[in-house]
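>
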Amino acid sequence: MAVHGKYGVPCPDCGAKVQRLRYASNEANYCPTCQTEGKLLADRAMSRLLKGDWPKSDEALESLKERLRE
Numbered sequence: 083m084a085v086h087g088k089y090g091v092p093c094p095d096c097g098a099k100v101q102r103l104r105y106a107s108n109e110a111n112y113c114p115t116c117q118t119e120g121k122l123l124a125d126r127a128m129s130r131l132l133k134g135d136w137p138k139s140d141e142a143l144e145s146l147k148e149r150l151r152e
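With this note's numbering as the guide, the letters of the sequence shown map in order to residues 83 to 152.
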């Protein structure tokens, strides 16, 4: 519960950026380092769009965001 509602904020335990999953009107926040051993969980809507290109780490996600902004 330490990261509940804190998307984008550093995790209080490890400092990694808190990630978010959204489905319909629901949302779940998690720390990829503390809770999933560094693995990003696929957001259902985004993973459908990206298919096999879904990023596996926080660094890969940030890199993808930068490419999409250009």
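Ideal Cβ positions, reconstructed from N, Cα and C, are used throughout, including at glycine.
A quick note: this is a predicted structure, and the numbers were derived from the prediction, not measured.
DSSP on E148, reduced to helix/strand/coil?
In the structure shown, E148 sits in a helix (DSSP, three-state: H, G or I).
> Over the uninterrupted alpha helix (DSSP H) stretch that includes C116, give me the two end residues.
Per DSSP, C116 belongs to the alpha helix (DSSP H) from 114–118.
> With DSSP collapsed to three states, give me the class of A110.
It is a strand residue.
> Taking the alpha carbon of P94 as the reference point, which residue from E148, T115, A110 has its own alpha carbon closest?
The candidate whose alpha carbon is nearest that of P94 is T115.
> Could you tell me if L150 is buried or exposed, where buried requires 16 or more neighbouring beta carbons within 10 angstroms of its beta carbon?
It counts as exposed.
> Can you tell me whether DSSP reads L122 as helix, strand or coil?
Coil at L122, not helix or strand.
> Cα separation between G87 and N111?
Whole-angstrom Cα-Cα distance: 6 Å.
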